[in-house]
Every structure is written in structure tokens, then in C-alpha cells.
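Read through the structure below, which is laid out as C-alpha cells, and then see the notes.
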Amino acid sequence: MTEEKYTIRKYKRILFYVVICVLLAAFLLGQYIYPSERETVTEESITYTGTFYRVLADGTKEEIPVPGKCDVPAGEPLVIRSVLPQDYHENTIAIRSSLENVRIYIGGELRAVYDTENTRPFGKNSASGYVFCETSGEDAGQEVRIELQSFTDKYSGVVNTVYCGDKSDIWAYMLHCYFMVTLIACTMLFAGLVVLIISLVLDIIYKTRFDLEYLGWCMILGAVWMLGESKLRQLFVSNASILSNMCFFVVMLCPVPLMFYIDSVQQGRYRKVYHVAECITCVNFVLCTSLQLLNIADFISTMFLSHLVIAGTFLTIFITICRDLIKGTAKHYKLPLIGLVVAMIAVMLEVTEVYRVVSMSGIFIATGLVALLVVTLIQTMDRIRELELARQKEARESLDYLTGLPMRHKGEKLILEKMQEHDGCLGFVDMDNLKKINDVYGHKAGDCALRLVGAMLTECMENAVVCRLGGDEFLFYLPEASEEEMNMRMRKLFESFGAAKNLTAETHRHPCPAVCACADREETLKNII
-19 MTEEKYTIRK
-9 YKRILFYVVI
1 CVLLAAFLLG
11 QYIYPSERET
21 VTEESITYTG
31 TFYRVLADGT
41 KEEIPVPGKC
51 DVPAGEPLVI
61 RSVLPQDYHE
71 NTIAIRSSLE
81 NVRIYIGGEL
91 RAVYDTENTR
101 PFGKNSASGY
111 VFCETSGEDA
121 GQEVRIELQS
131 FTDKYSGVVN
141 TVYCGDKSDI
151 WAYMLHCYFM
161 VTLIACTMLF
171 AGLVVLIISL
181 VLDIIYKTRF
191 DLEYLGWCMI
201 LGAVWMLGES
211 KLRQLFVSNA
221 SILSNMCFFV
231 VMLCPVPLMF
241 YIDSVQQGRY
251 RKVYHVAECI
261 TCVNFVLCTS
271 LQLLNIADFI
281 STMFLSHLVI
291 AGTFLTIFIT
301 ICRDLIKGTA
311 KHYKLPLIGL
321 VVAMIAVMLE
331 VTEVYRVVSM
341 SGIFIATGLV
351 ALLVVTLIQT
361 MDRIRELELA
371 RQKEARESLD
381 YLTGLPMRHK
391 GEKLILEKMQ
401 EHDGCLGFVD
411 MDNLKKINDV
421 YGHKAGDCAL
431 RLVGAMLTEC
441 MENAVVCRLG
451 GDEFLFYLPE
461 ASEEEMNMRM
471 RKLFESFGAA
481 KNLTAETHRH
491 PCPAVCACAD
501 REETLKNII
């Protein structure tokens, strides 16, 4: 390609990128400046505004805040009541369950039941989810009674916002609030799978393990946790209880790929320490799962143990990093170190928010993992470049540039491997008159003769390992070959060389000097079997 054509192509490429960036900026600016074309659903327009109260043991009524929390022992149902207004005309009443069984009565009639006792694999509580109750204008003035029951102290007595309106409007509002978080989780899951596949492919190509593999698992686990915590999970899975339990499994197992990752980055310097931490993680997993299966304690009740394991893992990693910083060995993984610190801070913030009864649904975790992904990709590309340079260097040093055959060291290694696996015949070939060719006809003619012999050896000794020992000497090993077959192959080699001489003579008035000189005598090619 000429310099002028290259310059034109370069400017066309730049212009294309500029146009794409302008279009993207125009799209984002238009979405921001111009008003929305869809009907906006606000929380106020779908929130039930009536007053809720509960009847105490002495028969008195107590008004309760909604949303709010009442003092109710675990396992005891909380019953709240309200009266629908006379002008009520909505078709749905909805409330979100927080690990609670829910029953909704309208005018004494049971209209909606949410209880996963027969659909969840284990545990005492129903998974959190939205419960919808059908209503109509005929229910105006009727009493609404909602029963909430949780078997966990933290969630017993919790009353979430009660919505009323069209079911599609309620879901539209939920999508407006939580769609972006769910989209980020799906994107992370897809990215984690892609990263994992890429790392496995690189593993096959370069015969070495990359840090991307462990990071891919971290992203997949983080995405599963985010999807499990999503308020929209009942829209994209048929059994929310199973996905809810997956969140707890992910929290218990997440330290494992993280320790695999940092151990790989630190090149195994603290592998014994991480082995201990991994064993502790496994013990916690088995203990918490056993307590759940035996109905002794739910995952939510033992979650503090998993959080302690995560905190202990982070403390262990922090200590090893500090040790590397003191010794000066941390400079070899500066970029992953920055990403790892950001990711650990993000996870700790997420855990802290959970204990404040505020869930960010994984935004912090997603941010930390994306930062870690970026720096790991940069380091992976640098490592691939180094491996490619090393492979090219090895190829240059191990292959003969004239014949393309392996040189002595590489060839003898390959032949030795074949000899250990298969019986066969080892052959040695050298050329006569190579020095004469170089002196009389020049080194180009000598190179031509070497290439010719190398090509013929490769062709006639099919399935053999052929290498150039140096100068005019060649070595080959033919697996599973008898002496008779070897003699036949050598005759074929002589015949091919003679045919090349005759072809050269017919094509040109004067035969190729390299071929003539090499084929001067029958002893031109000598073999020892």
C-alpha cells in the first residue's frame, strides 16, 4: 500500500469515528433536552393513601406507619386493616413481601395468597416479591385486611408500601426504578461469561493460565447476586425462591475466586495462607447450608458468618499486599492492585448498606468489578504481547530460516518425544559438494540446494519428524516404520531428487548448478539407518 493510499484510508477511518461519536452525542443530548413521549407514572399516583391500623390484644386500634415496622415476634402474623374509599375504582392492590407470607382479604373474602411452602426447596420464609390482589369499583367502602408472617426476627413485622392502581402502571413504575440496576446485572453476567470463555481460549492457545479466568468467575457470581437481589427477579424467573437462595450461596462462595485471582497476581507467594482462608470459606459454606437444610437457621440468620469470612478474606489480602509493598514486589502488579482495592472497598460498602437496611442492589459491587476488569484486561494484553514476543523469539531460534525445519535442539527434542511413544527408524542424511557449490556458484546456489533437500525430505518422509542438524546434515525419525519401508522411502527420495534435476534441465538450457552439483554422484545423499 502506497503512503498516499494509507493516508487517505487513515482519514476515512477518523472521519467515520467522528460521525459515530457525533451521532451518539446527539442521541444522548436529545434524550436529555426533549420531553418524554411516554406517560409518566409517579410513586404518588400508585400509592395507597388510606390509613392502616392493627387491632391489639385488648381490642384497641393502633394506627401504623406504612411503610414501617411493628414489634411482632418471629412466626406471629401481623394483621393490618384499612377501609377502601367510597370513590375507589382501581383494579389492583399490591404490596411487597420481605421474606413474608402474605394474605390479602377484601370485605372478608380471601383474594390473594403468597406462600412458597410447597414451591421452595428449603427454608422457613417465602422469598421477597410483589403480591398483587385484584379489585374493582364494587369493592369501594370494603375493608382491606393484609396478613404478614415472617419467621425471621429481622423481617417480622415489616410493612412495605401498599400500591393501588392498574397492574401495568405498578410494574411500569418498578421498571422505571429498578430496570437500570437489573440491566447492569445482566450486562455483568454476559461480560463475565465472555471473559471466562476468552480466558479458557487463551489458556488453550498459550498453555498458561490467565488472571481473567478468576475475574470472570467473580463477575458471574456478582451478577447472580445482583439478579437475585433485583426487585424485578419474579419477572424473568419462574421460581424466585431458588434465585433468592442462589444469592446466599454466592455470598458464601465469593471469597474463593477472589483469592484465586490475587494468588495468581501475586504469583503464589502466599498460597499457603490463602489455602487456609479457602478452607475456612468451605467450612462456612457447609455449616450454613447444613443449618438451612435442617431447618435450624435460615441463610439470612447466618449471613453474618459469611460477612465475617468476607471481612477476614479482605483483611488477609490487605496484609499480603502491605507485605508486598514493603518488600517492593507489589510493583509487578500495580494495575491489578489498584483495581483490587477499588473492588474490595465497593464490596465492603455494599455489606455496610445491608446492615443499614438499605440495599444498593449491587451498584457498588458492579462499579468495583468493572474497575478490576479494565485493569486486568490491560495487564492481560501486556502479558499476551510478552508471550507472543517470546514465542516468536523461540520460533526464530528453533527453526531454520532456509528450510523451515526445526534446528538441532528443537528437532532432537521432538524426535526424542516420538521415540518414547513409538518404535520406528532413525535416519541421517547429508549432502555432498555443498562447499563446492558455495565456492563455484555462490552461496545463493548453496541455499537453493539446502531448501531443495529440506523440501524433499519433508515430502518423501511423510509423518516423520525432520530437522536440520546444521551445515549439510539432516536428521529424521519415522515412527512405526520397518527397515523395508525406510529403504523404500530413501529410494523415493533419490528418485525425487533425480526428477528435480531432469525437470530443471528441460525447463532451462542449462540445469540448475546447485542441483547438478548435488546430484553429481549416487552418494550425493547418504543414509544411515
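Letter 153 of the sequence shown, counting from 1, is numbered 133 in our numbering, and no numbers are missing. Positions of the beta carbon are idealized from the N, C-alpha and C atoms, including for glycine. Remember, predicted model here, so these are calculated numbers, not experimental data.
- Taking 8 Å as the cut-off, the beta carbon of glycine 434 is found no closer than this to the beta carbon of leucine 473.
- Under DSSP, no beta-bridge partner is assigned to glycine 30.
- The C-alpha of valine 35 is placed about 8 Å away from the C-alpha of valine 59.
- Taking the C-beta atoms as reference points, phenylalanine 265 is found nearer than 8 Å to leucine 233.
- Judged by DSSP secondary structure, phenylalanine 228 falls within the alpha helix (DSSP H) whose first and last residues are 220 to 233.
- Less than 8 Å separates the beta-carbon of aspartate 149 from that of valine 21.
- Nearest to glutamine 66 by C-alpha distance, out of Glu97, Gly121, Thr29, is Gly121.
- A Cβ-Cβ contact shorter than 8 Å links leucine 458 with methionine 466.
- With 16 or more other CB atoms across the displayed protein chains lying within 10 angstroms of its CB, glycine 208 is buried.
- By the 16-neighbour rule on beta-carbons within 10 angstroms, arginine 371 is exposed.
- Inter-residue distance for glutamate 118 and histidine 69 is about 8 Å (C-alpha atoms, whole angstroms).
- Under the three-state reduction of DSSP, lysine 104 is assigned to coil, being neither helix nor strand.
- Non-local C-beta neighbours of leucine 285 in its own chain, meaning closer than 7 Å and more than five positions away in sequence, comprise Asn264, Cys268, ordered along the chain.
- Judged by DSSP in its simplified three-state form, cysteine 144 adopts strand.
- Using a C-beta cut-off of 8 Å, the stretch 134 to 149 makes contact with the stretch 44 to 53, since at least three inter-stretch Cβ pairs fall below that distance.
- In this structure, leucine 192 places its C-beta atom within 8 Å of the C-beta atom of serine 179.
- Contact between arginine 448 and threonine 383 holds, since their C-beta atoms are separated by about 6 Å, short of 8 Å.
- With respect to glycine 319, alanine 351 sits close: the two C-beta atoms are nearer than 8 Å.
- Secondary structure of glycine 404 (DSSP, three-state): strand.
- Short of 8 Å from the beta carbon of glutamine 359, and not among the five residues preceding or following it, lie these beta carbons of its own chain, in chain order: Asp191, Tyr313, Leu315, Pro316.
- Our two residues, serine 244 and glutamine 129, have alpha carbons roughly 47 Å apart in a direct line.
- Cysteine 259 counts as exposed, since fewer than 16 other beta carbons sit within 10 angstroms of its beta carbon.
- One thing to note: leucine 432 has its Cβ within 8 Å of the Cβ of alanine 480.
- Counting other Cβ atoms within 10 Å of its Cβ, glycine 55 stays below 16 and is therefore classed as exposed.
- Between tyrosine 33 and alanine 74, the CB-CB gap reaches or exceeds 8 Å.
- Collapsing the DSSP output to three states places threonine 20 in coil.
- Of all alpha-carbon atoms in Phe102, Phe240, Lys311, the one lying nearest the alpha-carbon of leucine 271 is that of Phe102.
- Distance check between phenylalanine 229 and each of Glu24, Leu201, Ile306 places Leu201 closest, using alpha-carbon atoms only.
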